[in-house]
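Structure first, commentary second.
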């Protein structure tokens, strides 16, 4: 009788009569299943949440690493971009008048109107308005003149070496005057960079 025939002839209800080899194999199989189940229940199952957490951390760390690697690869480009921004910022700062230059800039704005052939009705600097890192100096201006003279004034303001912007522009015909005479009401604003000393005041 070969091995397969012996295996078929075994009575599952009476394992005590099995040949010694089959009883040993059955005990070994049960032992392996019990040990395997115990290892799964008491070792693997408890370690699964830790494994999942570590895998998530690995993914996060991998993402952080890849992000930092991209930044490191572009570091020279970032440095060059920063240097360009600093140079550009410095150039813009030079267009802002310093505290000592504001009076001469006010004269330049006033002279621009007169040079354009306009009559100055109002030139009233308002108090300085402090912002985060600069101060804004609004100037209320009212000028009278022709259309071309007003255009020449606006062009002259744009050509000033310092930054001056025009706001709240209102143009209307002058009453009781020649029809080609216009009144320009405008608020000109110039800006001053606040250095650390000025910011602390």
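Residue numbers (our numbering): 1 to 201.
From the three backbone atoms N, C-alpha and C, an ideal C-beta is built for every residue, glycine too.
Computed from a predicted structure; not experimentally measured.
So residue 137 packs on residue 128, CB below 8 Å; how close in whole Å? At roughly 5 Å, the Cβ-Cβ gap stays under 8 Å, so residue 137 and residue 128 are in contact.
For the beta strand (DSSP E) containing residue 22, list its first residue and its last residue. Run containing residue 22: none in the beta strand (DSSP E); it sits in the alpha helix (DSSP H), 20-39.
In the DSSP assignment, find the beta strand (DSSP E) that holds residue 125 and state where it starts and stops. 119-125
Going by DSSP in three states, residue 194 sits in which element: helix, strand or coil? coil
Check for me: the alpha helix (DSSP H) holding residue 51 runs from which residue to which? Looking at the DSSP string, the run of the alpha helix (DSSP H) that includes residue 51 is 45-73.
With residue 153 and residue 188 assumed to form a contact (beta carbons below 8 Å), what rounded beta-carbon distance in angstroms separates them? Actually they do not touch by this definition, with Cβ atoms about 10 Å apart.
Where do the ends of the beta strand (DSSP E) carrying residue 163 lie? Run containing residue 163: none; DSSP gives neither H nor E here.
DSSP-derived helix/strand/coil call for residue 145: Here residue 145 sits in strand by DSSP.
Can you list, in chain order, the residues of its chain whose CB lies under 6 Å from that of residue 168, leaving out five sequence neighbours each side? Closer than 6 Å at the Cβ level, and outside the excluded window around residue 168, lie 187.
Straight-line Cα distance separating residue 146 from residue 118: 8 Å
Short Cβ contact (9 Å threshold) for residue 150 with residue 171: yes
Backbone CA spacing between residue 67 and residue 132 [nearest angstrom]: 32 Å
Residue 103 by DSSP, collapsed to three states: which one? Here DSSP, grouped into helix, strand and coil, assigns residue 103 to helix.
Between the Cα of residue 141 and those of 112, 160, 161, spot the shortest distance and give me the residue it belongs to. 112
Quick one: residues in its chain with C-beta nearer than 8 Å to the C-beta of residue 78, no 5 flanking neighbours on either side, listed in chain order? 71
Using DSSP with H/G/I as helix, E/B as strand and the rest coil, what is residue 174? coil
Beta-carbon separation of residue 105 and residue 194 under 9 Å? No, the pair does not count as a contact, with Cβ atoms beyond the cut-off.
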